Each structure stands twice: as structure tokens, then as C-alpha cells.
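**Q**
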Amino acid sequence: MKLAEAIALGIVALAPTSASSRTMGEMMQHCINATIPEAHSSPYMQGRCIGAVEGIYYIAGSITVCAPSGITLGDLTRHVVIFAANNPHLNNKSFKEVALVALTHKFPCQRT
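Just so you know, we're using the numbering used here here: the sequence shown kicks off at 69 and counts up by one.
(1) Tell me the DSSP bridge mates of P176?
(2) Alpha carbon to alpha carbon, how far is S110 from G119?
(3) Between the Cα of A167 and those of Y112, E122, V148, P105, spot the shortest distance and give me the residue it belongs to.
(4) Does T145 come out as helix, strand or coil in the three-state DSSP assignment?
(5) Cutting at 6 Å between CB atoms, please list the residues of its own chain near N159, excluding the five before and the five after it.
(6) Quick one: any contact between the stretch 137 to 154 and the stretch 93 to 103, if contact means 3 or more CB pairs under 8 Å?
(7) Measuring only the C-alpha atoms, how far is C177 from H108?
(8) Work out the CA separation of H157 and M113 for me, nearest whole Å.
(9) Is the beta carbon of V121 closer than 9 Å to that of F175?
(10) Which residue comes first and which comes last in the alpha helix (DSSP H) that contains P111?
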């Protein structure tokens with residue numbers, strides 16, 4: 069793990085988010101529903117998912133996550149869902165840690 073990634077993970081681990089004590093497996097369906105406009109089940113938990121992704125992106129942005137300008141929270145959340153679906157062995161891991169890894173994997177910052 070690179071120093072910047074370790075620092076970002078440490079910051080995210082300390083950052084208060086509403087999904088801080090949830091595993092990826094516990095949040096997965098809520099995050100999926102958050103990306104579907106027609107889904108109205110558990111809007112509170114959908115908001116927790118999107119809020120946590122937003123917080124992680126805000127904290128990790130420019131350190132380990134360099135998404136293109138104009139990206140939406142829906143897009144970021146969708147990338148977290150896709151990453152988690154492709155890595156089910158991470159379902160018992162912290163939601164915010166998996167989300168950080170997912171966003172860093174999808175949108176790595178280019179170091180020169």
C-alpha cells in the first residue's frame with residue numbers, strides 16, 4: 069500500500085459516517101437501491117449509503133481518488149456496487165473501507 073493510500077484509509081477510518089459500523093454485505097442492497105430511481109424501499113438506508121460514499125469521496129479526493137469532473141454521487145455509488153459485486157469475499161469488511169478501495173481502484177490518481 070502506498071503512503072497516500074494509507075493516509076487516506078486512516079482518515080476515512082476516523083471520519084464519522086452514518087454507515088461507519090456496517091459491513092459491505094449489510095449495505096449492498098441499500099446501495100443498489102440508491103442507484104435505481106424507481107426504488108423506494110428504505111430511503112433512509114439508501115441515503116446512508118450515498119452519504120457515506122460522498123464523505124469518502126470528499127475526504128479521499130485528490131489523495132487516492134481522482135474521479136473526472138462532473139461525476140455524480142450516483143455514478144460513484146454505482147462503481148462501489150459494481151466493485152463489491154465483483155468481490156463478494158469483501159462482504160464482511162467495513163463498508164467504508166470497501167468503498168474507498170472501490171473508488172481508488174476505479175479512479176486512481178496518477179502520480180508522476
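Note that the Cβ used here is the ideal one computed from N, Cα and C, for glycine as well.
Values in this document were obtained by computation on a predicted structure and should not be read as measured data.
**A** With the given structure in hand:
(1) DSSP, once it has assigned bridges, lists V133 as partnering P176.
(2) One C-alpha to the other measures close to 14 Å.
(3) Ranking the options by Cα distance to A167, first place goes to V148.
(4) Correct three-state label for T145: helix.
(5) Here the set comprises M92, G93.
(6) Yes, since at least three Cβ pairs between the stretch 137 to 154 and the stretch 93 to 103 fall closer than 8 Å, the two stretches touch.
(7) Cα atoms of C177 and H108: separation of roughly 35 Å, rounded to the nearest angstrom.
(8) Each residue's alpha carbon lies about 22 Å from the other.
(9) It is not a contact, given that the beta carbons lie outside the stated cut-off.
(10) Per DSSP, P111 belongs to the alpha helix (DSSP H) from 111 to 128.
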